[in-house]
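*Asks:*
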Amino acid sequence: MPQAAAAPVTATAPAPQAADPIEQLRKLGELRDAGVLSEEEFAAKKADILSRM
Numbered sequence: 436m437p438q439a440a441a442a443p444v445t446a447t448a449p450a451p452q453a454a455d456p457i458e459q460l461r462k463l464g465e466l467r468d469a470g471v472l473s474e475e476e477f478a479a480k481k482a483d484i485l486s487r488m
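One gets the numbering used here by counting positions in the sequence shown from 1 and adding 435 to each.
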C-alpha cells in the first residue's frame, strides 16, 4: 500500500504585538494619520488597548 505524501508544513508565527501599550497607541495614531484607520476605528482600538492596562 503506497503511503500518502505528507503535506508541507509552513510555520508562520503571528505578527508580534507590541507589549508596550504606549507604543501600540503611537503606531495606531500613525495608521490613523496615514488614513489607514478611520477615527472611529482608532477610537475603538485605543479604548481596547487602554482597557487592558
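Just so you know, even glycine gets a beta-carbon here, dropped at the ideal spot from N, CA and C.
Output the distance between the C-alpha atoms of Leu485 and Phe477, rounded to the nearest integer angstrom.
*Replies:* Going by the C-alpha atoms only, they are around 12 Å apart.
*Asks:* Measuring only the C-alpha atoms, how far is Arg461 from Leu472?
*Replies:* Straight-line Cα distance between these residues: approximately 13 Å.
*Asks:* Using the three-state DSSP reduction, which class does Ala479 fall into: helix, strand or coil?
*Replies:* If DSSP states are grouped into helix, strand and coil, Ala479 belongs with the helices.
*Asks:* Should Leu466 be labelled buried (16 or more other beta-carbon atoms within 10 Å of its own) or exposed?
*Replies:* Exposed.
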